[in-house]
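Novice:
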Amino acid sequence: MTLELSLNQQPAHTRQGSSIGQPLTRRDGFLKVTGAARYAADNHPSGMLYAVLAVSSIARGRVAALDVEAAKAHKGVVEVMTPRNRPALAADPDAKDHPFMFRLDLLQNEEVRYPNQTIAVVIAETLEAATEGAALLSPRYEALPARVGLDDAESFVPRGVGVGNPAVQHKGDVEAGLKSAKTRIEATYETPAQYHNAMEPHAIVAAWDGDKLSIDTPSQGLAMAQGRISGLFGIAPQNIHIRSPFLGGGFGSKGMISGPQVLGVLAARLVGRPVKLVLRREQMYGPVGHRAPTRQTLRMGMDGEGRLTAIHHHAKTASSTFDDFFEPAADASHTLYASPAITTSHEAVRLDTGTPLFMRAPGEATGSIALESAIDEAAHACGMDPLEFRLRNYAEVEPMTGKPFSSKALRECYSQAAKAFGWASRPLQPRLMRDADGFLTGWGVGTATFPAIMFQAEARAVLKADGSGLMETGAQDMGQGAWTAFAQIAADGLGLDIDQVDFRAGSSDLPNAGIAGGSGHTATAGMAIHNAGAAVIARLADLATGNEASPLFGADNEGVVARGGRLYRRDDENRSESYAEILTRAGLTEIEGHGKGAPDAASQETYAKHAHGAVFAEVKVDPDFGQIRVTRLVGAFAAGRVINPRLVRSQYYGGMIWGVSFALHEEAITDRRSGRIQNANLAEYHVPVNADVPSVEAILIHEDDPYVNALGIKGVGEIGIIGTAGAVANAVWHATGVRPRRFPIRIEDLLG
Amino acid sequence: MTKIPVHLDINGTHHHLELEPRVTLLDALRDRLGLTGTKKGCDHGQCGACTVHVDGERVLACLTLAAQTEGRTITTIEGLAREGELHPVQAAFLEQDAFQCGYCTPGQIMSAVACIREGHAGSDEEIREYMAGNLCRCGAYPHIVAAVRQAALEVAS
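Just so you know, the sequences run in chain order B and A. Using this note's numbering, the letters of the first sequence map in sequence onto residues 1 to 752. Using this note's numbering, the letters of the second sequence map in sequence onto residues 1001 to 1157.
Structure, rendered in structure tokens:
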């Protein structure tokens, strides 16, 4: 897809030289502010029908009866898809060939294993008819008691947590460390189930043409989605075209294709017409993943100078009854604080919920709020300022592995954010600050860290005889700014002005850009783009330096540089030639090059690679009613090279607001009797609104990292949430003297 | 279900539709008229993504039946820019990076235009309060406030 960006968008930030590092406005911004950006549900192919899910209102049992006739009798209803007539699949949706193949509910039988699981799909000429048809199904169930809480099922040690980390890891002797400690703390914290709640509900428009399938659906991983559908339907990946130019938010929930999206494809096959299926908001609380609840216990020991002698971080969490994803909460203690002895351990139960999945900073966010709270408790037990305590236990090497950090500007983060916040005047003891209106005021700090992850990606670069360039990779923009940041990297990679580069992304017929997740998309696809640019420039240089008619003749590849659509001799910049001249003389209309992005195995062995940050929070608490308001947030983050500071600041702000939400707002509440989620809507599942969000400041700390990748990119999408949640919790303690130990923090917990 | 005639004046264009009475203004805009800039986030009036103007006031299109707007003047995000020239609020959102995924943006912008017109953009606190009906899960709020503040000054000058 080529973006149409003509109209009156002024190039407000044109510049000479590098595009990377420039605070360009979003290249897709014009489409987004005019309503012209086309999201999946905005598509409407000719002859399209509407599909609406009927979902289970029990958590466990089976569907005994559905009144399919009543639904079909409603005017406009075309078909009702149930386990009896659902088209055959080439693969069992319950098969699990590898750990990242998650089991899907595709009407394979009448069993219900979580609330809001699909039990039928009604397909109709209009949305209204399909919606009414779904209501007319009036399901009857044979229900079994639901298991909803962390104490409701037998606990076990999972085989792996997160992306396959060991459930239990040791370094040193924690018990000995605790025994030798002068001061010890032990505390247990609880975090709730949380749901991604991207503003755009999962949607799909699917159209079959024989064995070819055309799909519009939001995806954070186009190639993975294509592969999954290929396996389920037994058709070749190249016969499946998925378009996902814009995601209305993802946060992990659109990483893997979900059951309802596949049901849209099945519905289209059943009726032989294009079908649109959009989840209703309440239907997003089940089949598209969530963050599992945790109960975490931290034990820490400190010597007489406030140095940690041991950390034991234990997390209990939950997965579904039928699949495995275990929130790796305790692993948050691997990276941040130096300690001679560290143990992290996990246990889990199986509950009647949809399978939990990756949600923005999976493990890191949950683990961080507990770790940062415990560190604060430890600092208080030692009579130390919480920032001084963190600096006392600053990790010069990665605590769990002993590896040196590829770069770590955390000290600068602490100092600059503390200065901007005014931390130095903070009283050590809690409940000592009040504002002019008598509100209890508290200041807290939290440390952030997130691994600099890379996946695999490919890109294709083209230079044309008219002097322009093309860069293609199937990258996904869920709001982080891929359309812009990748175009900037492409412009530099091709040695062209950004306006001379046609950047194409968001479609499965382009080279595989890997997944937009793990804060690794910019680094991974960015390196593929960078390398594809280098490859095509090398070809161009060959054409010039090998031709006697070129002013660059005789210079080898290393002897030329590309800039502004020209190749220059490195040792004599008066000798240069434009791309157009080189290609025209060679009689070529265009040349192309390919590049890959992938982690460097050697440096991976040698270095620990992480982004870091420090967040300071101010809260005000009503002394009589316990109401909490966050009034100020200041964060400083060091995450390698920044491609576009305007976009990066937005990512940090968004993450920090998620941190506020984690501490004060979000929680899915399950009814213990029915197992249903009671607040499966945006009124009662609280996410921050504009009035909940205080003054926010994010300081970008410069960091050169030659080891993460050639571009020096670490990733910024998730780190903002980490540290912030703990900073808010610690500020609440400092305001009130009451230590929050379950989240979100409740008024009743403060009033005792 | 019997259809009824509905006459809608949208973005300066007159439309005559035959609709079932149960069709919401949001679904009429999106499914019948191809005006898909207005978004559906919750369909329950809880998120604000479907905000449009009816007779100049902000209204949640998902909680409004199309038939209720018979003969009234409707403005959607598609009707805000004039001859390719962005409305000051749209330009401010672009410049301040007041969105990320962009899905809530049409509703935010329609709310912001009304917020300024209502005289509720006098301070950051007031903007936060009067923009609180439009959820943004990406957390673009600080930049939304900055954009509304900037646009309010431009509109006033």
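All residues carry an ideal CB built from backbone N, CA and C; glycine is no exception.
1) Would you mind telling me which residues of chain A sit closer than 8 Å to E200/B, beta carbon to beta carbon, in chain order?
2) Would you please verify whether the beta carbon of H13/B is less than 7 Å from any beta carbon of chain A?
3) Using 8 Å as the threshold, is the stretch 605-613 of chain B in touch with the stretch 467-480 of chain B, meaning 3 or more CB pairs across them?
4) For A236/B, count neighbouring Cβ atoms within 10 angstroms of its own Cβ and tell me buried if that reaches 16, exposed if not.
5) What did DSSP end up calling S319/B once you bin it into helix, strand or coil?
6) Go ahead and pull the three-state DSSP assignment for E558/B.
7) Among the candidates V1145/A, G1056/A and V1155/A, whose CA atom is the shortest distance from the CA of A691/B?
8) Are the stretch 152-162 of chain B and the stretch 88-97 of chain B touching, with three or more C-beta to C-beta distances below 8 Å?
9) Would you say the beta carbon of V55/B comes nearer than 6 Å to a heavy atom of the ligand GTP?
10) So, for L107/B: in the same chain, excluding its five sequence neighbours on each side, which residues have a beta-carbon less than 6 Å away from its beta-carbon?
11) T723/B to K596/B, Cα distance in whole Å?
12) Assuming Y141/B and A59/B are in contact, meaning their beta carbons sit under 8 Å apart, how far apart are those beta carbons, in whole angstroms?
13) So that I know if they touch, is there some Cβ in chain A lying closer than 7 Å to that of D42/B?
14) To the nearest whole angstrom, what separates the beta carbons of V122/B and V63/B, a pair I think is in contact under 8 Å?
15) Chain A partners of L247/B, CB-CB under 7 Å?
16) Return the residues of the stretch 1005-1023 of chain A that lie within a Cβ-Cβ distance of less than 7 Å from chain B, sorted by chain order.
17) For D331/B versus N165/B, is the C-beta spacing smaller than 7 Å?
18) Within 10 angstroms of its Cβ, does I545/B collect 16 or more other Cβ (buried), or is it exposed?
19) Starting from the Cα of R147/B, find the closest Cα among G493/B, D352/B, V708/B and Q220/B and give me that residue.
20) Check each candidate in E377/B, G422/B and Q226/B and name the one with the smallest Cα separation from V265/B.
21) Out of T183/B, T344/B, N531/B and Y653/B, which one is the CA nearest neighbour of H380/B?
22) Under three-state DSSP, which class holds E132/B?
23) When DSSP labels each residue in this structure, what does S603/B get in the three-state scheme?
24) Relative to the C-alpha of H612/B, which residue among L410/B, A329/B and A207/B is closest?
25) Name, in chain order, the residues that DSSP records as bridge partners for K620/B.
26) Please classify H1014/A as buried or exposed, where buried requires at least 16 neighbouring CB atoms within 10 angstroms.
27) Say whether the stretch 172-191 of chain B touches the stretch 737-750 of chain B, bearing in mind that this needs 3 or more beta-carbon pairs closer than 8 Å, one atom from each stretch.
28) So, do the stretch 278-291 of chain B and the stretch 199-208 of chain B have three or more beta carbon pairs nearer to each other than 8 Å?
29) Using a Cβ cut-off of 8 Å, which residues of the stretch 1056-1088 of chain A contact any Cβ in chain B, in chain order?
30) At the level of alpha carbons, what is the spacing between E388/B and D303/B?
31) Does L1153/A pass the burial test, meaning 16 or more other C-beta atoms within 10 Å, or should it be called exposed?
32) To test your reading of the DSSP string, which unbroken beta strand (DSSP E) runs of 3 or more residues are found completely within the stretch 305-382 of chain B?
33) For my contact list, R75/B and M1001/A are in at a C-beta cut-off of 8 Å; report their separation, rounded to the angstrom.
34) Mind checking K620/B: buried by the 16 CB within 10 Å criterion, or exposed?
35) Can you tell me whether I701/B is helix, strand or coil according to DSSP?
36) 7 Å is my cut-off, CB to CB: does L1029/A come that close to chain B?
Specialist: The answer reads as follows:
1) To locate residue 200/B, count along the first sequence from 1; it is residue 200. Here the neighbours are K1039, G1041, C1101 and Y1103.
2) In the first sequence, the residue the question calls residue 13/B occupies position 13. Model confidence at H13/B stands at a pLDDT of 33, short of 50, so the residue's coordinates are unreliable and nothing is read from them.
3) no
4) For the purposes of this step, residue 236/B is taken as residue 236 along the first sequence, with counting starting at 1. With fewer than 16 Cβ atoms within 10 Å of its Cβ, A236/B is classed as exposed.
5) The count along the first sequence starts at 1 and reaches residue 319/B at position 319. The answer is strand: DSSP assigns S319/B an E or B state.
6) For the purposes of this step, residue 558/B is identified with residue 558 of the first sequence, where counting begins at 1. Looking at E558/B - three-state DSSP - the assignment turns out to be helix.
7) Numbered from 1 along the first sequence, position 691 holds the residue referred to as residue 691/B. Out of V1145/A, G1056/A and V1155/A, V1145/A has the C-alpha closest to the C-alpha of A691/B.
8) no
9) By its list of ligands, the structure shown contains no ligand whatsoever, and the ligand GTP lies outside what it can speak to.
10) As a working note, residue 107/B is residue 107 in the first sequence. Excluding positions up to five away in sequence, the list reads P83 and R86.
11) Translated into the one-based positions of the first sequence, residue 723/B becomes position 723. Translated into the one-based positions of the first sequence, residue 596/B becomes position 596. Per the sequence presented here, residue 723/B reads as Gly, with Thr not at that position. One C-alpha to the other measures close to 33 Å.
12) What you label residue 141/B is simply residue 141 of the first sequence in a count that begins at 1. What you label residue 59/B is simply residue 59 of the first sequence in a count that begins at 1. With a Cβ gap of about 10 Å, Y141/B and A59/B do not count as contacting.
13) Numbered from its first residue, the first sequence carries residue 42/B at position 42. Closer than 7 Å: yes.
14) If you number the first sequence from 1, residue 122/B lands on position 122. If you number the first sequence from 1, residue 63/B lands on position 63. In fact, because the Cβ distance is near 14 Å, the residues do not count as touching under 8 Å.
15) Translated into positions along the first sequence, residue 247/B becomes position 247. Ordered by position in chain A, the residues that pass the 7 Å Cβ test against L247/B are C1101.
16) E1020, R1022 and V1023
17) Numbered from 1 along the first sequence, position 331 holds the residue referred to as residue 331/B. Numbered from 1 along the first sequence, position 165 holds the residue referred to as residue 165/B. In contact: D331/B and N165/B (Cβ atoms closer than 7 Å).
18) In the first sequence, counting from the first residue as 1, residue 545/B sits at position 545. First, the residue type needs correcting, since residue 545/B is Thr and not Ile in the sequence shown. T545/B is buried by the Cβ-count criterion.
19) Taking the first sequence and counting its residues from 1, the one referred to as residue 147/B is at position 147. The option with the nearest alpha carbon to R147/B is D352/B.
20) Position 265 of the first sequence, counted from the start, is the residue given in the question as residue 265/B. Checked all of E377/B, G422/B and Q226/B; the closest Cα to V265/B is Q226/B.
21) Sequence index remark: in the first sequence, residue 380/B carries index 380 (1-based). Ranking T183/B, T344/B, N531/B and Y653/B by Cα distance to H380/B puts T183/B first.
22) Sequence index remark: in the first sequence, residue 132/B carries index 132 (1-based). E132/B falls in the helix class under three-state DSSP.
23) Position 603 of the first sequence holds residue 603/B. Residue state, collapsed to three classes: helix.
24) Within the first sequence, the letter at position 612 stands for residue 612/B. The option with the nearest alpha carbon to H612/B is L410/B.
25) Here residue 620/B is taken as the residue at index 620 of the first sequence, counted from 1. In DSSP, K620/B forms a bridge with T441/B and R629/B.
26) In the second sequence, counting from the first residue as 1, residue 1014/A sits at position 14. Exposed, by the Cβ-count rule.
27) yes
28) yes
29) T1076, I1077, E1078, L1080, A1081, G1084, E1085 and L1086
30) Indexing the first sequence from 1 puts residue 388/B at position 388. Indexing the first sequence from 1 puts residue 303/B at position 303. Approximately 15 Å, taken between the alpha carbons.
31) On the second sequence, residue 1153/A is found 153 positions in, with the first residue counted as 1. Per the 10 Å Cβ criterion, exposed.
32) 308-320 and 342-351
33) Here residue 75/B refers to the residue found at position 75 when the first sequence is read from its first residue. Here residue 1001/A refers to the residue found at position 1 when the second sequence is read from its first residue. Before going on, a small fix: residue 75/B reads as Lys here, not Arg. That belief holds up - the Cβ atoms of K75/B and M1001/A are roughly 7 Å apart, short of 8 Å.
34) Along the first sequence, one-based indexing puts residue 620/B at 620. Buried is the call here.
35) Indexing the first sequence from 1 puts residue 701/B at position 701. Looking at I701/B - three-state DSSP - the assignment turns out to be coil, as it is neither helix nor strand.
36) Taking the first residue of the second sequence as 1, we reach residue 1029/A at position 29. L1029/A does not count as touching chain B.
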